[in-house]
């Protein structure tokens, strides 16, 4: 994953470029990193697409923005720029979703697919509800729904780590405990 502009000029870039990975993610919530859509589009069109897709045949996941107004505005501007040439359109649309409502999550993901016409890579999704049963229902229902959508290429539940950076995501949605063991929700997911 290319998380920041700094990686484009370091040995990390060499590792990403020369890795056996078939898919590379580009920028994690860039609107929160103060990266402008224009800057991101320049790096994308001048370095990422030529070196990763055109020379090495890797699939590229576009920037994954937060599912708020700032993220939506940022992504719209980025996509407007990179969509001017067919060869610079992402292979997959990077998407994040955090919320409490299954129906809202479905509407949001569907709207992203309909707006951009690209398959989705939902690289972060989780419930922010503090109610454990609501979190479990959200996780199970969304997993089943996303599995049934041909236009969702991949998805990943957030929280498979022993220590989270903050408490935005519900503790009930964490997939590991403080000792690094799978939490009950992770074990439920593994049963699908």
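Numbering (UniProt numbering), first residue to last: 1 to 192. The beta-carbon is built from N, C-alpha and C at its ideal position, and this holds for glycine as well.
query = Between the Cα of residue 147 and the Cα atoms of 31, 169, 109, which residue gives the shortest distance?
reply = 109
query = Using DSSP with H/G/I as helix, E/B as strand and the rest coil, what is residue 174?
reply = coil
Selected residue, minimal CA-CA separation from residue 178, among 156, 185, 161 = 161
task = Identify whether residue 59 lies in helix, strand or coil by the three-state DSSP scheme.
result = strand
query = Nearest-angstrom Cα distance between residue 220 and residue 1?
reply = With the chain represented from 1 up to 192, any question about residue 220 goes unanswered, as that position is not in the structure.
Opening and closing residue of the alpha helix (DSSP H) in which residue 111 lies = 102-116
Status (buried if at least 16 other CB within 10 Å, exposed otherwise) for residue 54 = exposed
task = Evaluate residue 210 with the Cβ neighbour count: other Cβ atoms within 10 Å of its Cβ, from every protein chain shown; 16 or more gives buried, anything less gives exposed.
result = No answer is possible for residue 210: it lies beyond the span of the chain, which begins at 1 and ends at 192.
query = Taking C-beta to C-beta, are residue 136 and residue 188 nearer than 8 Å?
reply = yes
message = If you follow the alpha helix (DSSP H) that residue 74 is in, where does it begin and where does it stop?
response = 69-82
query = Where do the N-terminal and C-terminal ends of the beta strand (DSSP E) with residue 194 fall, by residue?
reply = Only positions 1 to 192 of the chain appear in the structure, and residue 194 is not among them; the question remains open.
ask   = Can you list, in chain order, the residues of its chain whose CB lies under 6 Å from that of residue 77, leaving out five sequence neighbours each side?
value = 37
query = Taking the C-alpha atoms as reference points, what is the distance between residue 59 and residue 43?
reply = 16 Å
ask   = Per DSSP, which one or two residues make a beta bridge with residue 152?
value = 120
Secondary structure of residue 169, DSSP reduced to three states = coil
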